[in-house]
Structure formats: C-alpha cells, structure tokens
Ligand SMILES: Cc1ncc(COP(=O)(O)O)c(C=O)c1O
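In this note's numbering, the protein residues as written are 506 to 890.
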C-alpha cells in the first residue's frame with residue numbers, strides 16, 4: 506500500500522504519514538506505548554532514543570496532519586493551548602502581536618495573563634477589517650494571529666490579503682484553523698506561515714481526546730518547533746495521537762455532514778420568531794458571506810444566535826434534551842453552549858459585548874444526529890423562551 510504522489514484530499518486524510526507497520530504489517534499504526542527504546546550499541550539506534558523526543562505513533566500523526574494542511578512538518582502537543590504556547594515561544598521580549606479580537610477565550614487568557622509578563626505585547630483588532638489591522642502594525646510586530654471563522658460570532662478574515670499584509674511588514678501569519686478544519690479552508694495555500702488546531706475538535710472528532718498541533722512551512726520554524734517540542738515537552742501521548750489519526754480518516758465525510766446540518770439549523774433558527782440574530786457564514790444575511798464563499802469550500806458546523814437576554818438563553822439551555830449543554834465543539838454529538846459564561850468567561854464583559862458576545866448569545870456545534878431530531882429538540886426548547 507503506497508500513497509500516490511498526486512493523491513486527492515480524502516485519500517491523503519486516510520493514508521498520509523502511515524505505512525503498514527514494518528514488523529507485523531498491521532494496517533493501522535500501533536500505539537507505541539513506551540518511554541524509551543533499546544539501542545544496539547553506543548551511538549547506534551533506529552532513530553528513536555527517548556519518547557518525549559520521538560514516538561512512532563505521534564510521528565505518523567504529525568506526518569498525516571502536515572500533509573492534510575499542505576505544510577512542511579507538523580508537531581503535536583498535549584492540547585490546543587500547548588500548541589499556541591509553542592508558537593508564542595518563537596517570540597522574543599519586546600515583540601508585538603496583532604490578534605483577532607474575538608479569538609478563543611483561552612487564547613486571549615494565555616496572551617493577556619501569562620505572556621504579557623514576559624514583555625510581549627498584543628493588540629486585539631477586528632482582522633476582518635484589514636485597514637484596521639494595517640493600522641495596528643508597529644515596528645515591533647512579529648506575528649498576525651488570526652482565527653477565521655472566529656468564535657463564536659463567525660467573523661471572517663481574508664487570509665490571502667492578511668498574508669500579504671503580514672509579509673509586507675516582516676511578520677508571520679498564524680492561523681488557528683480549528684473552526685473550519687482543513688477540509689473547508691487551507692491557510693497554507695493562501696499564504697499562512699503557521700497553522701494551528703485544537704485537535705480536540707474536528708480533527709479527532711469524537712470528543713474523546715484533548716490535543717493540539719502546529720503545522721509549519723518555513724524550515725527555520727520547523728527546526729525551532731522540533732526543538733521546543735522536545736525542550737518544553739508538552740507532547741501529545743501515543744494513545745491520543747492514535748485517536749486523532751483515527752479521526753482524520755473520516756474527516757472529509759464527517760465535515761460534509763457537519764456542514765449540511767449546520768446550514769439547516771442556521772436556516773431553522775433564522776426563521777424562528779424568538780431568535781433576534783443568527784451568526785453563520787453560509788447564510789446570505791452574514792455580512793461576509795461572499796468572502797466566506799470564496800475562501801471556504803463550505804461553511805462549517807458552528808452557528809450562534811442571539812435570544813436577546815440571559816434569561817431567554819438560560820431557559821433554552823435548561824430545556825434542550827438531545828443537544829448537550831457542554832463546552833467544546835467538532836464532535837459527533839451536537840453541543841450547545843453559552844459563550845459569555847463558558848468559553849469566553851475570561852474576556853472582560855465590556856469587551857465581550859462590543860464583540861457581540863452578549864448574555865443572550867447561544868452557540869451550537871452541529872453533530873451527526875438526524876437534523877430533524879435536532880430541529881424538534883430546538884422547537885420544544887424554544888417554546889419555554
Ligand atoms: C479555536 C480554538 N483554538 C484553540 C482552542 C484550545 O484548544 P484546547 O482546548 O485543545 O487546549 C480552542 C478550544 O476550545 C478553540 O476553540
């Protein structure tokens with residue numbers, strides 16, 4: 506079994522990075538649950554010395570994810586936040602970073618509460634507005650860190666233009682591609698230098714693993730990330746690597762269904778009289794629908810909508826039965842959450858309100874249940890609002 510050089514996307518997802526196991530022929534990469542490797546003699550070994558540094562299961566996943574994103578190499582970490590922290594380790598004291606203003610709350614917390622202690626500075630800008638983004642550059646800006654679609658109000662950033670802007674100012678473009686997944690959006694092809702994911706979400710896809718990855722394009726970044734992955738040691742475990750590898754085999758077909766259900770639910774809530782506003786890039790009412798249609802293959806399984814008040818949101822969340830009230834996204838089960846008190850609780854309330862993350866906002870991660878069951882659940886829960 507050999508992956509053809511011109512293999513298409515679904516084939517790459519299934520096979521890249523994985524050869525049948527050389528010792529047994531096992532078609533699935535085994536979980537190499539070992540901490541060390543026996544060496545033949547001093548200085549002679551099979552390329553594996555210690556499992557923080559190299560692990561065959563993790564290496565298979567890293568090769569798989571690098572191929573899926575079209576990068577030079579990938580590095581798997583213990584969580585999405587550990588992956589973002591590894592990217593931040595490329596910065597030096599005095600550097601400045603421009604960040605999408607409604608970035609994931611945990612990313613904001615890491616930047617604002619931890620990394621500012623190390624003389625790094627961050628400006629939070631609507632990167633959907635590239636003129637505003639351009640104005641935020643300073644002579645010390647080293648990175649433009651973008652999340653698109655953003656969480657949870659689905660703001661879109663034009664990645665090709667953002668890459669040109671960053672590069673013209675000597676900065677790197679970093680894209681958190683967690684929400685779209687590489688099925689819908691390929692940041693490297695649009696000029697990104699680094700792509701990161703919380704593999705906890707669509708890449709694993711089954712709500713049974715926490716992990717992160719960074720995919721790099723430039724050789725110097727690959728070298729640094731390899732060094733820092735080993736030096737700081739926040740590696741993904743062999744078992745989690747194996748789970749994510751299993752997830753990427755079905756990523757394209759799962760994403761097709763997540764998108765179909767996401768779109769159907771967005772249309773359903775948009776037509777509901779108790780819903781005041783819907784955020785879904787696939788709706789023509791989304792202010793950046795045309796850009797999303799150009800940049801993304803489809804619009805994803807994430808949507809958010811505003812019910813006008815905390816009381817209305819709380820009633821809906823109390824009364825859903827099939828949709829599970831939980832943080833996270835991208836799994837097979839549909840989840841519903843309240844960004845203001847859950848994922849974005851670490852963002853100050855004035856900042857949250859300015860971004861549209863109001864007390865009445867509810868977010869759904871559309872899973873793989875029958876969409877009619879999900880609509881029936883929302884219909885009965887919305888009666889209590
Ligand atoms: C867009 C995005 N990036 C990064 C993260 C952090 O990932 P993790 O929870 O795996 O650390 C999350 C988590 O929700 C996320 O939604």
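We put the CB at the ideal spot given by N, CA and C, even for glycine.
Only a predicted model underlies this, so the values are computations on that prediction, with no experimental measurement involved.
- Proximity of residue 565 and residue 534 at Cβ, strictly below 8 Å: yes
- Item | Local Cβ density within 10 Å of residue 694, reported as buried at 16 or more and exposed below that | exposed
- Message: Give me, in chain order, the residues of the same chain whose beta-carbon lies closer than 8 Å to that of residue 735; leave out the 5 immediate sequence neighbours on both sides.
- Response: 557, 558
- Task: State yes or no: is the C-beta of residue 584 nearer than 7 Å to some heavy atom of ligand 1?
- Result: yes
- What are the start and end residues of the alpha helix (DSSP H) that includes residue 610? 610–614
- Query: To which residues of the same chain is residue 717 closer than 8 Å at the C-beta, ignoring the five residues directly before and after it?
  - Reply: 581, 582, 583, 584, 585, 586, 587, 588, 589, 701, 702, 703, 704, 705, 741
- Message: Would you say the beta carbon of residue 854 is closer than 7 Å to some non-hydrogen atom of ligand 1?
- Response: no
- DSSP on residue 794, reduced to helix/strand/coil? helix
- Item | Cβ distance (whole Å) where residue 812 is taken to contact residue 865 below 8 Å | 4 Å
- Pick helix, strand or coil for residue 740, following the three-state DSSP scheme. strand
- Query: What do you reckon, is the C-beta of residue 688 under 7 Å from a heavy atom of ligand 1?
  - Reply: no
- Reduced DSSP secondary structure (H/G/I, E/B, other) of residue 695: coil
- Confirm the yes/no value for this check: CB of residue 705, any heavy atom of ligand 2, distance under 7 Å. Of the ligands one can find in the structure shown, namely ligand 1, none is ligand 2.
- On the premise that residue 839 lies in contact with residue 871, defined as a C-beta separation below 8 Å, what is that separation, rounded to the nearest angstrom? 6 Å
- Task: Give the C-beta separation of residue 574 and residue 757 to the nearest angstrom, bearing in mind that I take them to be a contact with Cβ-Cβ under 8 Å.
- Result: The pair is not a contact, with the Cβ atoms about 14 Å apart (cut-off 8 Å).
- Item | Nearest to residue 764 (by Cα), restricted to the options 674, 733, 737, 808 | 808
- Message: Distance check for residue 817 and residue 774, CA to CA, integer angstroms please.
- Response: 14 Å
- Item | DSSP three-state assignment for residue 843, whether helix, strand or coil | coil
- Query: Just checking, does the region 609–627 make contact with the region 547–555 on the three C-beta pairs under 8 Å criterion?
  - Reply: no
- Who are the near neighbours of residue 616 in its chain, counting only those whose CB is closer than 6 Å to its CB and skipping five residues on each side? 627
- Within the present structure, is the beta-carbon of residue 652 separated from the nearest heavy atom of ligand 1 by less than 7 Å? yes
- Euclidean distance between Cα positions of residue 572 and residue 885: 44 Å
- CB of residue 647 within 8 Å of CB of residue 600, strictly: yes
- Exposed unless 16 or more other CB atoms sit within 10 angstroms - verdict on residue 595: buried
- Nearest-angstrom Cα separation, counted from residue 696 out to residue 668: 5 Å
- Query: Residues in its own chain within less than 8 Å of residue 666 by CB, not counting five upstream and five downstream?
  - Reply: 635
- The alpha helix (DSSP H) with residue 816 in it runs from where to where? 815–824
- Task: Enumerate in chain order the residues of its own chain whose CB-to-CB distance from residue 721 is below 7 Å, with the five nearest sequence positions on each side excluded.
- Result: 576, 577, 578, 699, 727, 730
- Task: Pick out the complete beta strand (DSSP E) segments inside the region 665–717, 3 residues or longer, and give them in chain order.
- Result: 677–681, 699–703
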